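Note that the sequence shown covers residues 446 to 553 in my numbering. Every residue gets a Cβ at the ideal spot worked out from N, C-alpha and C, and that includes glycine. Here the structure is a predicted model, which means the values were calculated and not measured. Data first, discussion second: the structure below is written as structure tokens.
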Amino acid sequence: MMDDYPLNVHAIIRHAALYFGENEVVSRDVDDNIVRLTYRDVYDRVQRIASMLEGELGVKPGDRVGALGVNTHRYYELYYAVSGIGAVFVEMNFRLSPIEITHVVNQD
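Here it is, written out as structure tokens:
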């Protein structure tokens, strides 16, 4: 049925890898190079990032993970990885001043 598993952000990339694994995700990196990865590749990278966040950095469900960056494949991989472990992805605005970023980071 439709309610067999929770519908969360991480389920989207897992579904894409399972059913459209060979389809490409095309993006551009900060050096203006084109990056081509299959959904299966992206899902594998997301899983490795999630493992590193949990194992090496000790991120747990409910923790907040902030990211300061531009919209590249690395950014959306981190977005899926963070949600996959049940943490909260906090998008930091790189246009803010260092003082404003510090204020946002220190919010409870």
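Length of the line joining the Cα atoms of residue i and residue j
i           : j           : result
residue 520 : residue 546 : 18 Å
residue 548 : residue 463 : 41 Å
residue 543 : residue 509 : 19 Å
residue 505 : residue 480 : 30 Å
residue 502 : residue 487 : 21 Å
residue 455 : residue 478 : 26 Å
residue 516 : residue 494 : 17 Å
residue 467 : residue 531 : 27 Å
Residue environment, residue i, which counts as buried when at least 16 other CB atoms sit within 10 Å
i           : result
residue 500 : exposed
residue 541 : exposed
residue 529 : buried
residue 527 : buried
Proximity below 8 Å, CB of residue i to CB of residue j
i           : j           : result
residue 535 : residue 514 : no
Proximal residues to residue i (C-beta, below 7 Å), its chain only, five neighbours per side dropped
i           : result
residue 537 : 511, 512, 513, 546, 549
residue 465 : 484
residue 460 : none
residue 525 : 454, 455, 458, 491
Closest residue to residue i among the options (Cα-Cα distance)
i           : options            : result
residue 458 : 523, 541, 540, 539 : 523
residue 475 : 518, 490, 453      : 518
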